[in-house]
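Undergrad: This is the structure I want to talk about, given as C-alpha cells.
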Amino acid sequence: MAFINYSAREINCKLVYYGPGLCGKTTNLKYIYEKTAADAKGKMISLATETERTLFFDFLPLALGEIRGFKTRFHLYTVPGQVFYDASRKLILKGVDGVVFVADSQEERFEANVESLENLKANLREQGYDYDKIPVVIQYNKRDLPNAVSVESLREALNPTGKNPDFEAAAQSGKGVFETLKALARLVLQELKKGSR
Amino acid sequence: MSLTPQLVLFEEDHRKLLAVSERLVADANAKAVFLVDRNGQLVTEAGELKGIDTTSLASLVAGNVAATQGLAKVIGEPDFPTHFHQGERDNVHITLVAQRIILVVVFDERSSLGLVRLRVKKAGQRLSEVFDEIFKRAEAEMDGEGPASPFSEISDEDIDNLFSD
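Which chain is which? The protein sequence lines are E and A, in order. Per the working numbering, residue 878 is the first one in the first sequence, and the count goes up by one each step. Per the working numbering, residue 144 is the first one in the second sequence, and the count goes up by one each step.
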C-alpha cells in the first residue's frame, strides 16, 4: 500500500515486476536505471546469484516529479522468476501497489508464462489482493526474437478480456520499457485518487 | 481489499516518532535509529548516520525481516521478532514494533547489545503507542470517518504532467 508522508510531502508506491525465469524483469530495471537522470534515481540493488540470476530481488527507487506539492516516489522491485523461489516471491508482493507482468514471447516459454501468471494470482490472493482489482500491466517482451509467437495468442492466454493495458517490448534495446512503466504508474496514481475521498 | 490500511504520516506523527527515536539514540549510545515500514519505506531517521543511502537501507532491512520471518515459519516459529547482526565495527539490532514497523538501531563499541536491548524495549512500547494511534486513524479513514485526503483532488492532467518529458 502506498505510504503518504505529509511531513516529508512524499507519496511512496511499490511496483513489482513479475514473470517467469529469464523473461527480462531485471533487464527492464537495468534499462530504466541507465536511462534515468541521476537526480531522479537512487542506487539499484541486485540480490543475485553468482550467475546473475535474481536470488531475492532487484530494487530501484525512482522519483517521478511532483503532484500537488507531493514528491512521487516509485520503488521498483523484481521477483526471482525461477519456480523454486516461490517463498521469496510471496514476500516481495507484500504491500504492492501495482504489478508489471513480463511475458516471454518465445514459443517454448508459452506455458511458463501461463504458469507464472497463475502463480501471481494465487500469491496475490494469499496476501489478500484480488488480481482483477489491483493495477496490472502486461508486457510481451522479446518481440525482437525470431521465435516469438504472435501477440494475439499471447493476449488470448494472458489478457483474454483485454482489461489490462498491454505493451510489446524488447527490453534489451529498451523498446516498450518506459511505456510499460508509465502505464502502471498512471494506474497506481489513479487508484490512489479513487481510494481517497 | 481486506488489507492493512495505507500508512499516512502527518507532521505531528513524525514529530512524535522522531522524538522517541532521538531519545533512543541518546539513551542507547547508538549511532543511528531508523524506523522502516515492513513494505520497505523509510519512516524516520535519527542519529549521526544521516546522509547514508537510507532508501537502500530501508528496502534491504524490510527484505531481511521478511526473509527471516519466512525462515521462522519454515521451522515452525511464528516469527523472529528480534535479530542482531554483528560486524567488525558496527552492529545492527532489529526489532518489530506494532507488528508492522521495523525499529533499526545501529551501534558500535561505545554501546553494548545489553544496553541496546534494554533501551529498545522501552522505546518500542512508546513507538507502539504512537503507531497504534496512526493505524487506528488510518482504519477510521478507510471506513470514511477521517479527514478528506488531498489526493481526491488529483486530476488526470496532474498525472499526465508527470510524464510530460
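Idealized CB from N, CA, C, for every residue including glycine.
What three-state label does DSSP hand D935 of chain E in the structure shown?
TA: Reduced to three states, the DSSP call for D935 of chain E is strand.
Undergrad: For R1063 of chain E, decide whether its Cβ has a neighbour in chain A, counting only Cβ atoms nearer than 7 Å.
TA: R1063 of chain E counts as touching chain A.
Undergrad: Would you say T187 of chain A and L178 of chain A are within 7 Å of each other, going by their C-beta atoms?
TA: Contact flag set, yes.
Undergrad: Which bits of chain E does I302 of chain A rub up against, with CB to CB less than 9 Å?
TA: Chain E residues near I302 of chain A: I944, A1062, R1063, L1066, Q1067 and K1070.
Undergrad: Would you verify that the beta carbon of G162 of chain A is, or is not, closer than 7 Å to some beta carbon of chain E?
TA: For the record, residue 162 of chain A in the displayed sequence is Ala; it is not Gly. Not closer than 7 Å to any Cβ of chain E, the Cβ of A162 of chain A fails to qualify, so no.
Undergrad: Enumerate in chain order the residues of its own chain whose CB-to-CB distance from T225 of chain A is below 6 Å, with the five nearest sequence positions on each side excluded.
TA: The residues are T238.
Undergrad: Within the same chain, show all residues whose beta-carbon is closer than 8 Å to that of L256 of chain A, passing over the 5 residues directly before and after it, in chain order.
TA: If we look at L256 of chain A and ignore the five residues flanking it on each side, its Cβ neighbours are F227, N234 and H236.
Undergrad: Under 7 Å between beta-carbons, which chain E residues line up against E154 of chain A? List them in chain order, please.
TA: The contacting residues are Y883 and S884.
Undergrad: Using a Cβ-Cβ cut-off of 7 Å (strictly less than) and excluding sequence neighbours within five positions of E887 of chain E, which residues of its own chain qualify?
TA: So the qualifying residues of the chain are F947, K948 and R950.
Undergrad: Less than 7 Å between the C-beta atoms of N820 of chain E and Y894 of chain E, yes or no?
TA: For chain E, the structure presents residues 878 to 1074; residue 820 of chain E sits outside this window and is missing.
Undergrad: Would you report the Cα separation of R930 of chain E and V247 of chain A, rounded to the nearest angstrom?
TA: Straight-line Cα distance between these residues: approximately 29 Å.
Undergrad: Considering Cα atoms alone, identify which of A:I245, A:E231 and A:L185 is closest to T211 of chain A.
TA: Answer by Cα proximity: A:I245.
Undergrad: Of all the CB atoms in chain A, is at least one closer than 7 Å to the CB of G972 of chain E?
TA: Yes - at least one Cβ of chain A is within 7 Å of the one on G972 of chain E.
Undergrad: I'd like the span of the alpha helix (DSSP H) that includes K998 of chain E, first residue to last.
TA: Looking at the DSSP string, the run of the alpha helix (DSSP H) that includes K998 of chain E is F987 to E1003.
Undergrad: Quick one: is E284 of chain A buried, meaning 16 or more other Cβ sit within 10 Å of its Cβ, or exposed?
TA: Buried is the call here.
Undergrad: Quick check on the DSSP output: the beta strand (DSSP E) that includes D981 of chain E runs from which residue to which?
TA: Taken as a continuous stretch (DSSP letters only), the beta strand (DSSP E) holding D981 of chain E covers G975 to D981.
Undergrad: If you check the beta carbons only, do D981 of chain E and P1042 of chain E fall under 7 Å apart?
TA: Not in contact: D981 of chain E and P1042 of chain E (Cβ atoms no closer than 7 Å).
Undergrad: Let me know if A926 of chain E comes out buried or exposed under the rule of 16 or more other beta-carbons within 10 Å of its beta-carbon.
TA: Per the sequence shown, residue 926 of chain E should be read as Thr rather than Ala. Per the 10 Å Cβ criterion, exposed.
Undergrad: Closer than 7 Å between beta carbons: that is the criterion. Which residues of the region 890-916 of chain E meet it against chain A?
TA: Listed by position along the chain: K891.
Undergrad: Using DSSP with H/G/I as helix, E/B as strand and the rest coil, what is R950 of chain E?
TA: Note: R950 of chain E maps to strand in three-state DSSP.
Undergrad: Within a Cβ cutoff of 7 Å, which residues of the same chain sit near E984 of chain E, ignoring the five residues on either side of it in sequence?
TA: Once the five neighbours on either side are set aside, the close Cβ partners of E984 of chain E are N1024 and V1026.
Undergrad: Am I right that L892 of chain E and V977 of chain E are in contact with their C-beta atoms under 8 Å? What's the rounded C-beta distance?
TA: About 7 Å separates the two Cβ atoms, so the contact holds.
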